[in-house]
């Protein structure tokens, strides 16, 4: 094998491996998103005639409905992320630190089981539980807490429950990973040096778990922001979730230019929030993503 | 191509540079068929690079390697008649012991039944009969070692390369495996090329040792030659324990020279290099060469021998290797003397003043800063 | 906080109660869905009317179409399986080549590329869907205008659904497989090479067997995520609906317990897949 031949075979291999990666990233991610951006800056002036312009974005800011839905989606997603973190942290802590061996493994597996089943099925469960003729309103009447069955679907709180439920897995797994790697003796040392529960949590546990917390929050926020199924089914026809606006523009009204602009706004929102999350926690994107 | 029937390995002006660093510097040497050849050197001396060039994982910048009289230029590692025992052994964890041993045979297309028979026979020869079905992680460190060797030897290579295979073992096991390795080599008669930074391994195991430093061989010889007649200061310092005394030549006495330190302590040692009065020089005296006594008479040295006086700094008890660390009374220079096995100095105390002396012809001095090798 | 430190009894009790409440929250929706698959009533709602298998096997006298007679629903399961198989195949193959590319090759722009590979994971699925939809349509229009070709697979339909799902699932496969390849001890490859194996044999007998758990594991995850995917699929779907889209449509229109029956079927299938994977894990360990 001569030097030249090994070099040329090395380049051949490099290109063979690069080809699928580039095809994927450019064909399915980069070019489609550039195209989407171009689409969003297009104004229709007549049948089949378009000019470059900001019309789509003007519409978004001019029409209060769009703007309201956008802000609402962002706020509800943030609240859902915070709630998911609050709920998932004690569970991850219990699995990682309070239980040992088989019990810990079992608990972890049990927490993952619901997510082996489709989101559609889980949402169906919540619908049966919460709707006016459903299980929980019936139960409340039986218990004498309400006189007549109440409609528990189609509230903001319902959407929150559904979103938190659907996001739990994506929070528990990175949290568990980062708490598991925390050495017990660090906590013991912190206590030994005079710390108490709260200070140890603040000064030892949370700094150590920060990459996991960041990873969980970023993914959960992104997923809730982009959620369509839970929001539209549990929120009913008037749930006013931003992804529904995108769907309406794209599929129902066939107004792709407007839909593309909405899509880009959502993407911008999600990117900005991811960026802020990384900034606040001082983490690097690649490190965080490798934990999810 | 010249036939060299009694050489299994011949390196001709091998050169390898990494950037500006020369890892292997125009090295030429040969290894006799059936011998145990060690390359001894500190980490970073280029011995690993040399071994990997022989195995074919690194291409030399220039020079050639002949194995079994055949040039290895352009021959990839999988076609060389050379097998290697890796530092961490590199046994395949997803395969059984038997599959590990027959792996190379399978690659040669040997049919399964013959493969299994050969693997079993080889395992028996290395003292692991009936363990073909075991998993690798069921074996002890020493057993794994033998599997790694069996895996290579079953291919009947011209040359077996061993890359510090004992490094990962604990001390006790390392001592035992040294003996085992030597016995295995004798039993198989295969040429072993062994690299290590541990001088005791090299001395115990080898027929020939090459001491390597900065990409060159400082000296090649039998363990006895290296120990008793080091060719360079580096070899004298690296192989075995040695007292090192730096100074200048103050007088010449035939074959010997007096070396006087900056503090004014003078020792006499046999000259290795041509030295003139005033030259910077380094003398080496082995701890076991010096004798110890509470009086001049007890030293029982010839009358003309120089007698030195020292204060016991610390006692280094280590069974048969026990020694005492002295400070020469006037200059406070450190000097190590081996304690005799008789237990005569068992009552020696720190702070005690003792006499010591050595025969100049059993010590050696080199010109300082000269290059050898 | 941790077992080695003293914890008051009320904290321990609170922990246990919290975990139990959490598990109730986790399993209530699933248990409800499963229970109403067997309720002898036309709608999945209380009260309990008695046990029936009508929603699986059908009952013509009551006009109930059971799951096993519901051609439309069964067809959508097949569609989902078809999509998931292609998605898994593509994701694992490209995920593996990506892992080798990132772990074994050194080239300019590599760190940029590795960052780019993570980006699909933070793009909402709906947006992946619409961008691919718009781009594919534009390419199809272009090909039509330039050459007069009618490229059917670039219009909404299953091929586009496969591409949409693959666009982010490759990233997941790449991460999992790279993580294992990174831990691989390369001297094993050198040892095999030294024992006479060709480059191809080294790959086949050493490297790929080592990667096997990651390949199987990520294949299972990708398959499952493809089967469950809704957001991206909804934007790209054509005439044939995969199961999630089909179920969604029926849920909006008021569901019959057939959907509960499908759900039970999905739970059983997922459990079987999970058990199979764990069995495989155990076998390797013993």
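Residue numbers (this note's numbering), protein chains in the order written: chain A, 2 to 293; chain B, 49 to 421; chain C, 82 to 367.
Backbone N, C-alpha and C fix where the C-beta goes; we use that ideal spot for every residue, glycine too.
Everything numeric in this text was worked out from a predicted model, so none of it was measured.
In the displayed model, residue 124 (chain C) falls within coil according to three-state DSSP, outside both helix and strand.
Scanning A:64, A:78, A:28 for the CA closest to the CA of residue 221 (chain A) turns up A:78. Secondary structure at residue 167 (chain B): helix, using DSSP grouped into helix, strand and coil.
The secondary-structure analysis by DSSP pairs residue 260 (chain B) across a beta bridge with B:265.
It is roughly 10 Å from the alpha-carbon of residue 141 (chain B) to the alpha-carbon of residue 147 (chain B). Per DSSP, residue 407 (chain B) lies in no beta strand (DSSP E) and is assigned neither H nor E.
The closest CA to that of residue 247 (chain C), considering only C:314, C:188, C:261, C:182, is found on C:314.
Contact annotation: residue 173 (chain C) and residue 300 (chain C) have beta-carbon atoms nearer than 8 Å.
With a beta-carbon spacing of about 17 Å, residue 269 (chain C) and residue 258 (chain C) fall beyond the 8 Å limit used to define contacts. Cβ proximity to chain C below 7 Å picks out 32, 33, 34, 36, 37, 40 from the stretch 32 to 56 of chain A. By the CB criterion at 8 Å, residue 232 (chain A) and residue 244 (chain A) fall inside the cutoff. The C-beta separation of residue 26 (chain A) from residue 197 (chain C) comes to about 5 Å, placing the pair in contact by the 8 Å criterion.
Residue pairing from DSSP leaves residue 157 (chain A) without any beta-bridge partner.
Proximity of residue 242 (chain B) to chain C, defined by a Cβ-Cβ separation below 8 Å, is not satisfied. Counting along the chain, the unbroken beta strand (DSSP E) around residue 111 (chain B) starts and ends at 110 to 115. Membership of residue 304 (chain B) in any alpha helix (DSSP H) is not indicated; the residue belongs instead to the beta strand (DSSP E) covering 304 to 308. Note that the C-beta distance between residue 160 (chain C) and residue 290 (chain C) is not below 8 Å. In the structure shown, residue 332 (chain C) falls within a helical segment according to DSSP collapsed to helix, strand and coil. With 16 or more other CB atoms across the displayed protein chains lying within 10 angstroms of its CB, residue 212 (chain A) is buried.
Just so you know, the alpha carbons of residue 361 (chain B) and residue 336 (chain B) end up roughly 18 Å apart. Assignment of residue 257 (chain C) by DSSP, reduced to helix, strand and coil, places it in the helix class.
When only Cα atoms are considered, residue 281 (chain A) and residue 186 (chain A) end up about 28 Å apart.
For residue 114 (chain B), the closest C-alpha among the options B:135, B:150, B:76, B:96 is that of B:76. In terms of beta-carbon proximity, residue 145 (chain C) stays away from the interface with chain A, with every pair separated by 8 Å or more. About 12 Å separates the beta carbons of residue 226 (chain B) and residue 212 (chain B), which is beyond the 8 Å limit, so they are not a contact pair. In this structure residue 11 (chain A) is exposed. Its beta-carbon is surrounded by fewer than 16 other beta-carbon atoms within 10 angstroms.
266, 268, 269, 271, 272, 273, 274: these are the residues of the stretch 261 to 274 of chain C whose beta carbon lies less than 8 Å from some beta carbon of chain B, given in chain order. The CB of residue 180 (chain C) never comes closer than 7 Å to any CB in chain B; the least such distance is about 18 Å. When C-alpha distances from residue 22 (chain A) are compared across C:281, C:189, C:178, the shortest belongs to C:178. Residue range 120 to 131 is occupied by the alpha helix (DSSP H) that includes residue 122 (chain A).
Residue 55 (chain A) counts as exposed, since fewer than 16 other beta carbons sit within 10 angstroms of its beta carbon. Residue 273 (chain A) counts as exposed, since fewer than 16 other beta carbons sit within 10 angstroms of its beta carbon. In this structure, the straight-line span from the alpha carbon of residue 307 (chain B) to that of residue 398 (chain B) is close to 28 Å. Check the Cα spacing between residue 205 (chain A) and each of A:64, A:230, A:179, A:271: the tightest is with A:179.
Boundaries of the alpha helix (DSSP H) harbouring residue 309 (chain C): 289 to 309, taken from the DSSP string. Interface residue (Cβ-Cβ distance to chain B less than 8 Å): residue 276 (chain C) is classified as such.
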